[in-house]
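In the working numbering, the protein residues as written are 554 to 739.
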C-alpha cells in the first residue's frame, strides 16, 4: 500500500482519502486505514487481523468495475468450487441455522449493518461489505418436516476486486456479524 498512488487507490476503492488516512465503508461501519502509522480501526476500535487484511487486500485490489447487480453463487466464483465445502459448512449452513425458523429476523439483523431488503427467497438482504463488494444473503424457511436453507451470493464483479479466499472470509465475517446482531436483539 505504501508504494501505491493513494488517490488512485481511493478512487478505485470508493474510499475517502484524508491526508495519510483512507476512510472506507465496511458493513455499515467506517474502517479507517492510517497509512502512516500502519493501523486500522473500525468505528474507532482496533480492527481484527482478518478485517485488516481484507481491507488492505480490497484497497490494493479494487478495480474500476462497479457492481452490476447480477448475483452469482460462491461455487461460480473462479476457484470457488475448491473452497465450497468449507464455505457451505462455515457460512451457508450457519446462516440457515440462524434464520430458517424466523427468516424475517434476517432483515432486522441486516439493517443494523447498513443492509437493505431484497426480494429473493423467503427473506433476503444486500450487505455492502465494501463499496464494490456487495453480498446477498438469502433464506428459505424450514418447518417441522423440511429444513430451511440459505445461500450467500456475490455480485459477479466481486472476483475483480478480491480473490476467492478473501471472499470466503467475507462470508464468515457476514455470518458472524449477523449472528452478533441476532444476539444483541435477543
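Cβ atoms here follow ideal geometry from the backbone N, Cα and C, with glycine treated the same way.
Inset, instruction - Taking residue 648 as the reference, give the member of 694, 607, 669 with the closest Cα. - result: As a first step, residue 648 must be located in the chain shown, where it is residue number 95. Minimum Cα distance to residue 648 is reached at 694.
Inset, instruction - Just mark residue 656 as buried or exposed, buried being the case when its beta carbon has 16 or more other beta carbons within 10 Å. - result: Numbered from its first residue, the chain shown carries residue 656 at position 103. Per the 10 Å Cβ criterion, buried.
Legend entry - Residue nearest to residue 628 in terms of C-alpha spacing, selected from 640, 590, 618, 622: Looking up residue 628 in the chain shown gives position 75. For residue 628, the nearest C-alpha among the options comes from 640.
Legend entry - residue 703 beta carbon less than 7 Å from that of residue 645: To locate residue 645, count along the chain shown from 1; it is residue 92. To locate residue 703, count along the chain shown from 1; it is residue 150. Going by C-beta atoms, residue 645 is nearer than 7 Å to residue 703.
Inset, instruction - Specify the secondary structure class of residue 588 as computed by DSSP and reduced to three states. - result: Residue mapping note: residue 588 aligns to position 35 of the chain shown, counting from 1. Three-state result, residue 588: coil.
Inset, instruction - For the stretch 608-628 and the stretch 568-579, state whether three or more C-beta atom pairs, one from each stretch, are separated by less than 8 Å. - result: yes
Legend entry - Option nearest residue 589 by Cα separation, candidates 652, 571, 624: Residue 589 sits at position 36 when you count from the first residue of the chain shown. Of the listed residues, the one whose Cα sits closest to residue 589 is 571.
Inset, instruction - Could you tell me whether the Cβ atoms of residue 706 and residue 689 are closer together than 7 Å? - result: The residue you call residue 706 lines up with position 153 of the chain shown. The residue you call residue 689 lines up with position 136 of the chain shown. A contact, by the Cβ cut-off of 7 Å.
Inset, instruction - Give me whichever residues DSSP pairs with residue 670 in a beta bridge. - result: If you number the chain shown from 1, residue 670 lands on position 117. Bridge partners of residue 670: 678.
Legend entry - Alpha-carbon spacing of residue 653 relative to residue 663, whole angstroms: On the chain shown, residue 653 is found 100 positions in, with the first residue counted as 1. On the chain shown, residue 663 is found 110 positions in, with the first residue counted as 1. The straight-line gap from Cα to Cα measures roughly 15 Å.
Inset, instruction - Over the uninterrupted beta strand (DSSP E) stretch that includes residue 708, give me the two end residues. - result: Position 155 of the chain shown, counting from 1, holds the residue named residue 708. Start and end: 702-708.
Inset, instruction - Counting only the same chain and skipping the five closest in sequence on each side, list residues whose C-beta sits under 8 Å from that of residue 580. - result: Taking the chain shown and counting its residues from 1, the one referred to as residue 580 is at position 27. Answer for residue 580: 666, 667, 680, 681, 682, 726, 727, 730, listed in chain order.
Inset, instruction - Could you pull the start and end residues of the alpha helix (DSSP H) that residue 574 belongs to? - result: Reading the chain shown from its first residue, position 21 is the one you call residue 574. Segment 574-579 is the beta strand (DSSP E) holding residue 574; no alpha helix (DSSP H) there.
Legend entry - Limits of the beta strand (DSSP E) - the one that residue 626 falls within: Within the chain shown, numbered from 1, the residue matching residue 626 stands at position 73. That run of the beta strand (DSSP E) goes 624-626.
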